[in-house]
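Beneath this line is the structure, given in structure tokens, with notes to follow.
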Amino acid sequence: MKKLFSFALSFLILFTIAFSVLALPTQAQAQACNYNGQCIDNRSCLCFSPGGFEVCYLTQSPCGSAVIGEVEPPPGVAEYNDLAGGEIGLFFFLSRIINLASIIGGIIVMWNFLSAGFTYVTSAGNTGAHEKVRDKLTWGLVGLAIIASFYLITALIGTLFYGSATAILNPGLGTALPE
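This note's numbering numbers the first residue of the sequence shown as 3 and each following residue consecutively.
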């Protein structure tokens, strides 16, 4: 009985090991796409690993679409580039961040000016309140200068690196129709 039990146990262990090795998922491939950054038919390969197995697929972005020189973007940026129609999606992201920061900064500056005006009207000649109003207006103008410098700096970077001041601020979408 002991021999039968040990034979059954060893058979069960052997069967479990063999089944687990044979049941491992294989690597999914699309048109022989094997590794991240591989170029097939002028389309780059993007790979990720959900659940322990690797999945690779061809993106719509062309192979030479690195952000800076030959440096390939990370997978998240490559997906964002695909959403941008093969353009550099980083510009869309930066443009949206700058616009959002400008809106939030503009609201803060407007609130600062309104509170300074309210403080001035209700101060009744108090010199301490006049200093507060002066400080609020000064910092409001500094905030406006910072917001304007966002646009100036991005326009300078766009002009220096891409030849157009609006390359980052107003990136163009690729179209299906020829121009």
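Just so it is clear, CB atoms sit at the ideal spot from N, CA and C, and this is done for glycine as well.
task = Alpha carbon to alpha carbon, how far is G130 from I110? Give it in angstroms, no decimals.
result = Indexing the sequence shown from 1 puts residue 110 at position 108. Indexing the sequence shown from 1 puts residue 130 at position 128. For the pair I110 and G130, the Cα-to-Cα distance works out to about 23 Å.
**OP:** Give the single residue among T140, S104 and Y59 whose Cα lies nearest to the Cα of I149.
**Re:** By one-based count along the sequence shown, residue 149 stands at place 147. Of T140, S104 and Y59, the residue nearest in Cα terms is S104.
Query raised in the report: If you draw a straight line from the C-alpha of D137 to the C-alpha of A118, how long is it?
Result: One-based indexing of the sequence shown puts residue 137 at position 135. One-based indexing of the sequence shown puts residue 118 at position 116. Taking the straight line joining both Cα atoms gives about 9 Å.
Roughly how many angstroms separate the alpha carbons of R45 and Q62, rounded to a whole number? Here residue 45 is taken as the residue at index 43 of the sequence shown, counted from 1. Here residue 62 is taken as the residue at index 60 of the sequence shown, counted from 1. So the two alpha carbons sit approximately 6 Å from each other.
Query - Reduced DSSP secondary structure (H/G/I, E/B, other) of Q31 - result: Numbered from 1 along the sequence shown, position 29 holds the residue referred to as residue 31. Because the pLDDT at Q31 is just 41, under 50, the model does not fix this residue reliably, and the point stays unresolved.
Original post:
Given a threshold of 16 other Cβ atoms within 10 Å of its Cβ, counted over all protein chains shown, does C35 qualify as buried or as exposed?
Top reply: The sequence position of residue 35 within the sequence shown is 33, counting from 1. Classification for C35: buried.
Checklist line | L60 vs C47 beta-carbon contact at 7 Å | finding: As a working mapping, residue 60 is identified with position 58 in the sequence shown. As a working mapping, residue 47 is identified with position 45 in the sequence shown. Taking 7 Å as the cut-off, the beta carbon of L60 is found closer than this to the beta carbon of C47.
Item to check | Proximity below 7 Å, CB of T121 to CB of K134 | outcome: Indexing the sequence shown from 1 puts residue 121 at position 119. Indexing the sequence shown from 1 puts residue 134 at position 132. Yes, they are a contact pair.
- Query: How many angstroms separate the CA atom of I99 from the CA atom of E56?
  - Reply: As a working note, residue 99 is residue 97 in the sequence shown. As a working note, residue 56 is residue 54 in the sequence shown. If I take the Cα positions, the gap works out to 33 Å.
### Task
Please name the residue, chosen from I170, N114 and A157, that lies closest to L143 on a Cα-to-Cα basis.
Mapped onto the sequence shown, residue 143 falls at position 141. The shortest Cα separation from L143 among I170, N114 and A157 belongs to N114.
| My guess is that L171 and S97 are in contact by the Cβ rule of under 8 Å, so how many angstroms apart are they, rounded? | In the sequence shown, the residue the question calls residue 171 occupies position 169. In the sequence shown, the residue the question calls residue 97 occupies position 95. Confirmed, Cβ separation roughly 6 Å.
| D111 bridges to which residues according to DSSP? | In the sequence shown, the residue the question calls residue 111 occupies position 109. One detail in the question is off: residue 111 reads as Val in this sequence, not Asp. The partner list for V111 (beta bridge, DSSP) is empty, contrary to what the question assumes.
Would you give the residue range spanned by the beta strand (DSSP E) that Y164 belongs to?
-> Here residue 164 refers to the residue found at position 162 when the sequence shown is read from its first residue. Careful: Y164 lies outside any beta strand (DSSP E), inside the alpha helix (DSSP H) at T129 to Y164.
- Just reading off the beta strand (DSSP E) that S46 is part of, what are its end residues? Counting from one through the sequence shown, the residue named residue 46 turns up at place 44. R45 to F50 is the span of the beta strand (DSSP E), which, as asked, contains S46.
- Item | 7 Å Cβ cutoff met for C58 and C49 | Position 56 of the sequence shown, counted from the first residue, corresponds to residue 58. Position 47 of the sequence shown, counted from the first residue, corresponds to residue 49. Yes, the pair counts as a contact, with Cβ atoms nearer than the cut-off.
Checklist entry - The beta strand (DSSP E) spanning L60 covers which residue range? => result If you number the sequence shown from 1, residue 60 lands on position 58. V57 to L60 is the span of the beta strand (DSSP E), which, as asked, contains L60.
Report the rounded CA-to-CA distance for N128 versus F94, giving the unit in angstroms. Working through the sequence shown from its first residue, we reach residue 128 at position 126. Working through the sequence shown from its first residue, we reach residue 94 at position 92. Roughly 49 Å separates the two Cα atoms.
What's the call for T156, buried or exposed, on a 16-neighbour Cβ count within 10 Å? The residue given as residue 156 occupies position 154 in the sequence shown. Flag for T156 reads buried.
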